[in-house]
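*Asks:*
There are 2 protein chains.
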Amino acid sequence: MILSEQKKALIEKIGIFYEKLGMQPAAGRIMGLMFVSDRPELTFDEIRELLNISKSATSTALNLLIETGPVEYITFAGDRKRYFKLKTSNWRDALAQRFNNIISFKTLLQEVMETRSDKSTEFNSCLEEFIDFLEYLQQELPSLLKKWEESRK
Amino acid sequence: MILSEQKKALIEKIGIFYEKLGMQPAAGRIMGLMFVSDRPELTFDEIRELLNISKSATSTALNLLIETGPVEYITFAGDRKRYFKLKTSNWRDALAQRFNNIISFKTLLQEVMETRSDKSTEFNSCLEEFIDFLEYLQQELPSLLKKWEESRK
DNA sequence: AATTTAGTTCTGTAAATTTTGAACTAACAG
DNA sequence: CTGTTAGTTCAAAATTTACAGAACTAAATT
Chain A
1 MILSEQKKAL
11 IEKIGIFYEK
21 LGMQPAAGRI
31 MGLMFVSDRP
41 ELTFDEIREL
51 LNISKSATST
61 ALNLLIETGP
71 VEYITFAGDR
81 KRYFKLKTSN
91 WRDALAQRFN
101 NIISFKTLLQ
111 EVMETRSDKS
121 TEFNSCLEEF
131 IDFLEYLQQE
141 LPSLLKKWEE
151 SRK
Chain B
1 MILSEQKKAL
11 IEKIGIFYEK
21 LGMQPAAGRI
31 MGLMFVSDRP
41 ELTFDEIREL
51 LNISKSATST
61 ALNLLIETGP
71 VEYITFAGDR
81 KRYFKLKTSN
91 WRDALAQRFN
101 NIISFKTLLQ
111 EVMETRSDKS
121 TEFNSCLEEF
131 IDFLEYLQQE
141 LPSLLKKWEE
151 SRK
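If you read the protein sequences in the order shown, they are chains A and B.
If you use the UniProt record's numbering, the first sequence corresponds to residues 1 to 153, in order.
If you use the UniProt record's numbering, the second sequence corresponds to residues 1 to 153, in order.
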């Protein structure tokens, strides 16, 4: 397989997006490659060659991606190779999880509230209001997702 | 001012939370300190001493926090010191911005769609569905925030 | 039994990031 | 006009991280 310049550029862009989420560069590029690859299942060596990374980097990154969720692999009888692919089944859940991570800051802010004195009323009420806002989002987001699933039936 | 062990632990936890968002450690600790500090306005040297960081690290981190939004400072006539504090006014917007950043992945996926062949139908329809889902969120989130603001009137 | 395949694991190193320390500046104070 | 305060800036040190290369393993092949 060869990659068009356009696809190569997209791999980098997607890679950078995932880097910003805390992923290591090579893992981000693998994500990018899997999105743009016309064949959705790629072998270890295809990935390695297409991205020009070493075996060890490929191994480490793939295992990380499998452990943390976004990648899985399938095998075929009589073929020792693993075929790596994006786990498309959990995209919505993974996204919801990222929203939840943001909202989970609420827990820290609640702990903050407990250690604060009553002195700085102004700040405290801002804090309480923001906690309430996070609470609201935590409540409403699941129904938003449910509403979408309903609309797809 | 002295910090309880509990507050110190919270500063670290909040610091790590901000590190995961791509912030440098010292800046994350400053965020943590400003959340737990009973006095909401702190001077350069208070921050420096409470967190045990150098002047230059303090300066760099504070300027970064001011540039990127979460911190501001006020001054008092006849006092050359700057009093640094959390910018509480934009918490909701900053959070909305982080949601938007996640959703902005949609643009990359649309570019991906354009480069893909029609071969892998299965994958392509997953991709299209996910793009539609992101589209849906992009549409619905603003009204969710508006709804909260209404309820607070 | 030797070789090939499909990876894994273990240093070592290059690169990037973060932080310090020291010298500097600009404003004000005595 | 000398000293002090409130920072800033820069070079160098320390830390972290990501990756390559080489040696290794376990299964299958010849």
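Don't be surprised by glycine CBs; every beta carbon is placed ideally from N, CA and C.
Nothing here was measured: the structure is a model prediction, and the numbers come from that model.
Can you tell me the Cα-Cα spacing of A/K153 and B/K85, whole angstroms?
*Replies:* Near 49 Å, if we compare the C-alpha coordinates of B/K85 and A/K153.
*Asks:* Taking the alpha carbon of A/L127 as the point to measure from, which residue in B/F35, B/I16, B/Y18, B/G15 has its own alpha carbon closest?
*Replies:* Measuring from the Cα of A/L127, the nearest candidate turns out to be B/F35.
*Asks:* Could you work out which residues of chain A lie near B/Y136, taking near to mean beta carbons separated by less than 7 Å?
*Replies:* Within chain A, the residues near B/Y136 are W148.
*Asks:* Between the beta-carbon of B/Y136 and the beta-carbon of A/W148, is there less than 7 Å?
*Replies:* A contact, by the Cβ cut-off of 7 Å.
*Asks:* Of all the options B/I66, B/T43, B/G28, which has the alpha carbon lying nearest to the alpha carbon of B/M1?
*Replies:* It is B/T43.
*Asks:* Taking 6 Å as the cut-off, does the CB of A/T121 come closer than this to any heavy atom belonging to the ligand SAH?
*Replies:* Within the structure as shown, the ligand SAH is missing, as the structure has no ligands at all.
*Asks:* Thinking C-alpha only, which one of B/Q6, B/N124, B/S37 is nearest A/D118?
*Replies:* Nearest C-alpha to A/D118: B/S37.
*Asks:* Write down the C-beta distance between A/G14 and A/M31 rounded to the nearest angstrom, noting that I regard them as a contact closer than 8 Å.
*Replies:* The sequence shown places Ile at residue 14 of chain A, rather than the Gly named in the question. Yes, A/I14 and A/M31 are in contact; Cβ-Cβ is about 6 Å, under 8 Å.
*Asks:* Out of curiosity, what's the CA-to-CA distance linking A/L95 and A/L64?
*Replies:* Rounded to whole angstroms, A/L95 to A/L64 spans 18 Å at the Cα level.
*Asks:* What are the boundary residues of the beta strand (DSSP E) that includes A/L86?
*Replies:* Its beta strand (DSSP E) spans residues 79-86.
*Asks:* For a contact defined as C-beta to C-beta under 8 Å, what are the partners of B/G22 on chain A?
*Replies:* Within 8 Å Cβ-Cβ: K20, G22.
*Asks:* Looking at the structure shown, is A/L3 part of a helix, part of a strand, or coil, going by DSSP?
*Replies:* In this structure, A/L3 counts as coil in the three-state DSSP scheme.
*Asks:* Nearest-angstrom Cα distance between A/I53 and B/R116?
*Replies:* Cα to Cα, A/I53 sits roughly 24 Å from B/R116.
*Asks:* How many whole angstroms separate the CB atoms of A/L51 and A/L33, which I take to be in contact at a CB cut-off of 8 Å?
*Replies:* So it is a contact: roughly 6 Å between Cβ atoms.
*Asks:* Looking at the secondary structure, which residues open and close the alpha helix (DSSP H) in which B/E41 lies?
*Replies:* Counting along the chain, B/E41 falls outside any alpha helix (DSSP H), and DSSP gives it neither H nor E.
*Asks:* Between the Cα of B/R39 and those of A/P142, A/L144, A/N124, spot the shortest distance and give me the residue it belongs to.
*Replies:* Among A/P142, A/L144, A/N124, the Cα nearest to that of B/R39 is on A/N124.
*Asks:* Which chain B residues are close to A/K13, counting only those with a beta carbon under 9 Å from its beta carbon?
*Replies:* Correct list: L108, E111.
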